[in-house]
Amino acid sequence: MKTKVEKIYPLSNMQKGMLFHAMEDEASNAYFEQLIIELKGYVDERIFEDSLNEIMKRHEILRSSFHYRLDEPLHVIMKDRNVKFEHRDIRKQNDQEDVLESYLNEDRQKGFDLAKETLMRACLFRTAEDSYQFVWTYHHILLDGWCLGIILDELFTIYEKKRKGKDPQLEDPRPYSDYIKWLESQDKDEAQEYWGKYLNGYDQKTLIPKLRTHSASALFKRKEKTIECSKELTNRLIKLANRNHVTINTVLQGIWGVILAKYNNSEDVVFGTVVSGRDAEVEGIEKMVGVFINTIPTRVRLEKNKRFKDVLRKTQSDALESNRYNYMNLAEVQALSELKNDLIDHVMVFENYAVDQKAFEQKNDVGFEMESVSGEEQTNYSFSISAGLDDHLKLLIIYDENVYDETIINHIEKHITAVAEQVTEDEEKTLSEIDLVSEEERNTLLYAFNDTKTDYPKDKTIHQLFEEQAVKTPDHTAVVFGSQNMTYRELNEKSNQAARLLREKGIGAGSIAAILTDRSLEMIISIMGILKAGGAYLPIDPETPKDRISYMLKDTEAGVLLTQGEAADGIDCEAEVIHMDKTAFDRFSEERLNALNDSDDAAYIIYTSGSTGMPKGVVTPHYSAVRVVRNTNYIDIRTDDVILQLSNYSFDGSIFDIFGALLNGASLVMIEKETVLNINELADVIEKEKVSVMFMTTALFNTLADINIDSLANLRKILFGGERISIPHAKKVLGRIGQDKLIHVYGPTESTVYATYYFINEIDEAAETIPIGRPLANTSALIMDEDGKTKTA
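According to the UniProt record's numbering, the sequence shown is numbered sequentially starting from 1.
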């Protein structure tokens, strides 16, 4: 019995990678190719099928199956294998587009069994008397894009000869196995040494801004974005390439490198590029059919003061040097890098193999013409960008919608155009001088995104607004601390007395009074008293190291230190120490004092750790604190709200708690620090006091979600922030409390409590993080790079 096998030989490096991905995810459509060609004229279906089978006979690779359950994966070339061909006449059907789409979808669903079946099939749809749609489907492991022109040229030549009853008599092509032999003969050690040096020192993964990481269970949700450069810009790019003796491909790589450098805040980026592989010294390789392309890393080094034209020349030089080694398996190349499999996040390819329709029409007399050629392919990367040059430059971005948002892709389009415009205008520009953001985008960011103005009482001080509230709701509970409580009237009168004492001690406009005490009613009285006296308050936690306390008192030149118990003992300071007890202010009148300051005067100073290790005081004016709690866009605090103060008053989170309550007629509930640390006791307080609004750190939020999520069920609004969000905890709480209640807030002390907010009403299954959202009312938010350039992502 004669064997049906003609030949067996190893795979190329690129084929090995494709096979690995196919084995890893059998449900994936990665490397599944569909080409749709519209034909105009008359096509003889029988001759067309015969011509396709002739192509199969000519090129052994098309008769391959792939066997991988061995020590080494192998091509198995069958002696006789025909293309799976069918033709359908749908001329009388009104729903032709639906029929075609249904076929394409079913065809994709079939996929290919690499070990068994013919890895190429075709269907010829007749849609009108002189119109056809030719669907050609194959697995990328058989051939690359450079082969399309070769095969179509041969197909139509063979069809023409057969149509005229002639023998095609085409020259026999060299077999793909010749290339494999060449590949096997290369010096692997030399290639490894080259790629090891090329990638040496590169340790930061280059990323495109993502919404989330692709879920292992999620199928690729394909979406495309076409970018067409104007003829004028295309000509400028070509001239830029010619002036610097580089290819247009190198220019595009340089532009993409700049964009990635800006996205990643790096001067050294790496991305994948696809090379043709046709530089191999193999006889007849230019007409050979198979997979010669390979993905290799391209490294673009950009220094802040390096001119763009110098970046181009270096990138071109590297590309020419790498040509000798661009056959090496990507997995082996990545293994030589510090990042291993994380080296390449996406790929870029310059396609100079576009099917030349006019050339076919001029060369062949087949009785029909190619009206259009389109196709669909998918790699194992969630983002790829390909470029082609015809009369003008076109770029095609193919991305996974599960990973990348359309907004991000639209930004990329604008950034490519913006950088191209700048570097073609001035190739001497450096990385730090190139701006991703166009004037239009900048205006959107500055004015539309940051259009947050509301009519809040910015001309009034904190204590003035509190006094107005005390007149409106004098008998409403202002503060609760354990078994003690005070009404708005009582707090107003007590703080008037404290203000008179402080005025007597010299506190007025422009002066600082420090508070060093544990949580108590006196703490709130002191805060409001200092403000009414005209000064700014400096809150200090009693557990702060004494030398740091002394530093803060000296740094602010605090005139008075209000304290309780032994908290101030042993502190070296020049401030007058006043011990607050329940009768400390009793000898002073309860009548209000005349105001000494305006809303732009300092209200408080909060110290942060400081970037140099020394504490840094952040001075906040009245109007800035008022903007956080009055007539804002992220929360509406009502008179029936109960706000729980969890934040230490020496941190700016307390500003929301204290003034959010006292400037809106709500009740402020204070608790001992020990209660904050005891989740069960904290839950009891939330229930007992009927707390409705609460701000907490992300860490405490996670703990409550784990230990006592029911304590959050009846809250009207939950605000949290301070560190990266845990998605599982956020989902858990959202599921328990429902929508319009959970708010992620963000902002450094310098921006006054919060700068941005985001309502968490739904969380995507594959989400990795939660956005920080939009600016608070009367706040602007911009992302800047280290060169002071505006960023969009």
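Don't be surprised by glycine CBs; every beta carbon is placed ideally from N, CA and C.
Boundaries of the alpha helix (DSSP H) around VAL423: 406–425. As the crow flies, the alpha-carbon of ASP581 is around 43 Å from that of SER726. By a beta-carbon distance limit of 8 Å, LEU644 contacts VAL691. Their separation comes to about 4 Å.
Residue state for ILE727 is assigned as helix, using DSSP reduced to three classes.
Nearest to GLU765 by alpha-carbon distance, out of ASN778, ALA730, ASN29 and GLU428, is ALA730.
With contacts defined as CB atoms closer than 7 Å, GLY272 and ILE344 qualify as a contacting pair. The Cβ atoms of GLN484 and LEU521 sit closer than 7 Å to each other. DSSP places ASP89 within a strand segment (E or B) once states are collapsed to three. If you check the CB distance, ARG736 and ALA713 come in under 7 Å. If you look at HIS67, you'll find it in the beta strand (DSSP E) that goes 64–67.
Contact between the segment 103–120 and the segment 230–247 is absent, with fewer than three C-beta pairs closer than 8 Å. For ASN294, the enclosing beta strand (DSSP E) covers residues 294–301. With distances taken between CA atoms, LEU593 lies nearest to ARG500 out of ARG500, TYR488 and PRO771. DSSP links GLN133 through a beta bridge to GLU38 and PHE125.
Taking the Cα positions, GLY277 is about 22 Å away from LEU396. At a Cβ-Cβ threshold of 7 Å, VAL269 and LEU312 do not count as neighbours.
Taking the Cα of LYS717 as reference, the smallest distance to any Cα among GLY747, ARG638, SER647 and LEU682 is reached at ARG638.
Residue pairing from DSSP leaves HIS245 without any beta-bridge partner. Residue state for MET328 is assigned as coil, using DSSP reduced to three classes.
Annotation for THR226: the continuous beta strand (DSSP E) segment containing it runs 222–228. Just measuring C-alpha positions, the residue of ILE208, ILE296 and VAL291 sitting nearest VAL258 is ILE208.
For the options THR250, TYR604 and MET523, the alpha carbon positioned closest to that of GLY535 is the one of TYR604.
Collapsing the DSSP output to three states places GLN645 in a strand. Membership of MET670 in the beta strand (DSSP E) is indicated by the continuous run 667–670.
Per the Cβ contact rule, the segment 291–298 is in contact with the segment 6–22 (3 or more Cβ pairs under 8 Å). If you check the CB distance, ILE571 and SER599 do not come in under 7 Å. Assignment of GLY653 by DSSP, reduced to helix, strand and coil, places it in the helix class. Beta-bridge partners of GLN484 (DSSP): PHE481. In this structure, MET23 is the residue among ASN761, MET23 and ASN443 with its C-alpha nearest to the C-alpha of ARG69.
The beta carbons of LEU465 and LEU252 sit no closer together than 7 Å. According to the DSSP secondary-structure assignment, THR697 is paired through a beta bridge with GLY721.
Following the DSSP letters along the chain, one finds THR608 in no alpha helix (DSSP H) but inside the beta strand (DSSP E) bounded by residues 602–608. Under the 8 Å Cβ criterion, the segment 148–157 does not count as touching the segment 121–130, having fewer than three qualifying pairs. Sequence-distant Cβ neighbours of ARG548 in its own chain, meaning closer than 7 Å and more than five residues away, are PRO615. For a cut-off of 8 Å, the C-beta gap from ILE524 to TYR537 is around 11 Å, too long to register as a contact. When DSSP states are grouped into helix, strand and coil, PHE368 belongs to the strand group.
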